Each structure stands twice: as C-alpha cells, then as structure tokens.
Amino acid sequence: VHTKSFHIHIKYYNQTTEWLLSRTRHRPKIAVVCGSGLGLLADGVTNKEIFPYADIPNFPVSTVPGHEGCLVFGILKGKSCVFMQGRFHLYEGYSLCKVTFPVRIFKLLGVETLIVTNASGGLCPDFKVGDIMLIKDHINLPGFAGQHPLCGPNDERFGIRFPCMSDAYSKDLRKLALDISHELDYTNFVREGVYCMVSGPNFETIAEARMLQVLGCDSVDI
Ligand SMILES: O=P(O)(O)O[C@@H]1C[C@H](O)[C@@H](CO)O1
Ligand SMILES: Nc1nc2[nH]cnc2c(=O)[nH]1
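In this text, residue positions in the sequence shown follow the working numbering: the first is 239, and each later residue adds one.
Here you go:
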C-alpha cells in the first residue's frame, strides 16, 4: 500500500488494527521491536499468538536475513506484550511511513511503551563488539535531508505536528535498565550513548565513521 508515498491513509491503519483486534485476545501496553537476530526476545512469552507479516493486511514483509517476519502477542512477567520479530528498513525500498507503519498500529492497539532494539555499529572507541548500548538520544541524519516518517499531512491521533524531541527516550526506563544491569553485574558491557540513523545499505567509510564520531554519535545503524 503506497510503498513510495509520504502518507498512508487512516483507513489502512484502521483496517490493520481492526484485523488484529478481531484475531487476538491480547491488549498489549508494551511493544518490542526486535532487530537483526533478536527475534528470540519473544521466546519467553506465554499464551503466544503469532501472525506472519504476510498475513496481516497492509503490513510490509521482512526481506532481510535474521528477521523472521512475525508479530508475536503474549504475556511476559504478567504483562501483555507484542513483539515485532523483524523490523523494516529504508534500504529495503520501503518509504519511512511504511517502515514505521507498525508503530502507529501499536498506538492504535493501545500500546504505551515502545522498546526498540537493533544490531548497530559501534563508533565510541570505548565500546567492544557485543556491548549493549541504551539509546539516550539520537541523530536522524536522513531526517535532516527530508527523509522523515512524519512528513506529509499530520494526523493528531498519532501526535502533534511539531513534536519536541528533547526527551525522546524515557529517563525512567533508561534508569531502570541501568539499575538492572548493576543488579545483574552486566555493567562492563551495558553502555549509554547517542544513536545515529543513516539510510544504508552500505556501511560507513572510514571518513564517514570519523565524521559521525565528531558529531557525537556512539553507534550507527540503518
Ligand atoms: O535491523 P537491524 O538494525 O538490527 O539490522 C542491522 C542493519 C541491517 O539490517 C543488518 C545488517 O547486518 O543488521
Ligand atoms: N550504518 C551501519 N549500520 C550497521 N548495522 C550494523 N552494523 C552497522 C554499521 O557498521 N553501520
């Protein structure tokens, strides 16, 4: 649906939401987007209901290895959750409003907390391969050049026209994650940093990586 368009009509969001609500008993308040190879984050949920993206009306499909392409509803630690086993990327040929389509569906399903994960490239010299970085802020490089999911007519149901981004990532949730990393003795590989989005699909040249470091980025992904 409108793969190259800046805008997806509300009727498609409604159609997808109604389709899901009529097929799952779950009413999740928490959504988790699983990046490359991280689909196993959904393994721990009980009362699972699984919907392949290809079956969900208007949903994009995953085209990248390591992205299973399923929406998994279930219960984790007594909380109803929904997991995206696989996410979408600009470099797959999807417009950014298509890439972010599921996030708006989560909003319409009643989700209040979104946890995003991905496998990104480290830029901070202190980081080691395999470290976990909690995102404290981001730089949306394609956004500077007009590639932005919020371009186009604004629908107030999803948020205001000019969103403030000075507190994009919940301080409370970041503190909780850091506190738990202390409890679990994970502090030697749990970091905090600034995430940079680029369009890909190529990874950075040495000069580009150095430029992103100078701009204050600690990790980069596509
Ligand atoms: O979906 P994420 O960001 O975790 O995946 C990264 C970026 C590319 O899709 C892929 C390259 O290996 O990993
Ligand atoms: N842009 C970018 N994305 C990545 N995703 C995983 N590794 C990388 C990387 O080195 N650069």
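For each residue, glycine too, the CB sits at the ideal point set by N, CA and C.
Only a predicted model underlies this, so the values are computations on that prediction, with no experimental measurement involved.
Taking C-beta separations shorter than 7 Å and ignoring five residues to either side along the sequence, the partners of Leu-314 in its chain run Gly-282, Val-283, following chain order.
Taking 3 residues as the minimum length, the beta strand (DSSP E) runs contained wholly in the segment 296-351 are 308-314, 317-323, in order along the chain. By the beta-carbon neighbour count (other beta carbons within 10 angstroms, threshold 16), Leu-361 is buried. Taking each of Ile-418, Glu-350, Arg-412, Lys-374 in turn and checking the Cα distance to Cys-455, the smallest one comes out for Lys-374.
Annotation: Ala-280 to Phe-400 spans about 34 Å, alpha carbon to alpha carbon. In the three-state reduction of the DSSP assignment, Pro-363 falls in the coil class. Ranked by how close their Cα comes to the Cα of Ala-292, the residues Cys-308, Val-302, Pro-303 have Cys-308 in first place. If you measure from each CB to the nearest heavy atom of ligand 2, the residues under 7 Å come out as Ala-357, Ser-358, Gly-359, Val-436, Gly-438, Phe-441, Glu-442, Val-458, Asp-459, Ile-460. Our two residues, Leu-347 and Arg-263, have alpha carbons roughly 12 Å apart in a direct line.
Restricting attention to Tyr-433, Thr-338, Glu-442, the CA atom closest to the CA of Phe-396 is found in Thr-338. Boundaries for His-420: no beta strand (DSSP E) harbours it, while the alpha helix (DSSP H) harbouring it runs 409-421, taken from the DSSP string. The beta carbon of Asp-459 sits closer than 6 Å to the beta carbons of Asn-356, Ser-358 from its chain, once the five residues preceding and following it are set aside; these are given in chain order. Of the residues assessed, Lys-366 falls on the exposed side of the cut-off, its CB having fewer than 16 other CB atoms within 10 angstroms. Nearest in C-alpha terms to Val-428, of all of Leu-259, Lys-249, Leu-372, is Leu-372. Per DSSP, Ile-444 has no beta-bridge partner at all. In the structure shown, Glu-256 falls within a helical segment according to DSSP collapsed to helix, strand and coil. Residue pairing by DSSP puts Thr-284 in a beta bridge opposite Ile-313.
Less than 8 Å separates the beta-carbon of His-386 from that of Leu-334. Burial state of Gly-277 is buried, judged by a 10 Å Cβ sphere holding 16 or more other Cβ atoms.
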